[in-house]
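A.B. asks: For the sequence shown, this note's numbering gives the first residue as 724, with consecutive numbering after it. Sharing a structure with you now.
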Amino acid sequence: MNWTKLKFLALDAVVFLARYWYLLAALAVFVFVLWAFESCRARRTEKKIERIETNITIRQTEANVLTNERANVRAEINAYENNSNLALDNFNRAVGADSANYNGTDAGRRFCERFPQDSSCR
């Protein structure tokens with residue numbers, strides 16, 4: 724290819740662009756809109772990932788709180804069962820005691836033996 728043909732080819736390209744500049748401008752606007760749309764989509768995806776990570780952290784914290792609450796409730800249930808069993812044992816001992824020979828002596832001592840942490844026994 725010689726220089727004359729290249730020169731005319733370049734001149735034809737300039738004439739084409741001068742005549743159809745609005746097509747070039749429309750193409751530039753279209754490319755800009757596509758670029759802006761794609762960058763917004765990427766930011767939306769990043770924010771969505773951040774929200775998901777935040778939700779995971781929150782749910783893990785909630786799960787830990789619920790696990791602790793479950794352990795506390797289980798401990799309370801066990802304490803109530805122990806108290807219930809102790810009260811039942813005390814009741815059975817009281818029912819089986821002989822009341823014919825009871826004159827009230829040593830009641831305070833026996834109470835403090837059964838309930839040493841009571842404030843009246845200190």
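Heads up, the beta-carbon is just placed ideally off N, CA and C, and yes, glycines get one too.
1. For ASN725, name the three-state secondary structure that DSSP assigns.
2. May I have a chain-ordered list of the alpha helix (DSSP H) segments no shorter than 4 residues that lie completely inside the region 796-841?
3. Taking the straight line between their C-alpha atoms, what separation do you get for ARG845 and ILE800?
4. Quick one: grab the DSSP three-state call for ARG767.
C.D. replies: According to the data block:
1. Counting from one through the sequence shown, the residue named residue 725 turns up at place 2. Here ASN725 sits in coil by DSSP.
2. Segments of the alpha helix (DSSP H) lying fully in the region 796-841: 830-837.
3. For the purposes of this step, residue 845 is identified with residue 122 of the sequence shown, where counting begins at 1. For the purposes of this step, residue 800 is identified with residue 77 of the sequence shown, where counting begins at 1. Computed Cα separation, rounded: 29 Å.
4. Residue numbering aside, residue 767 sits at position 44 when the sequence shown is read from its first letter. In the structure shown, ARG767 sits in a helix (DSSP, three-state: H, G or I).
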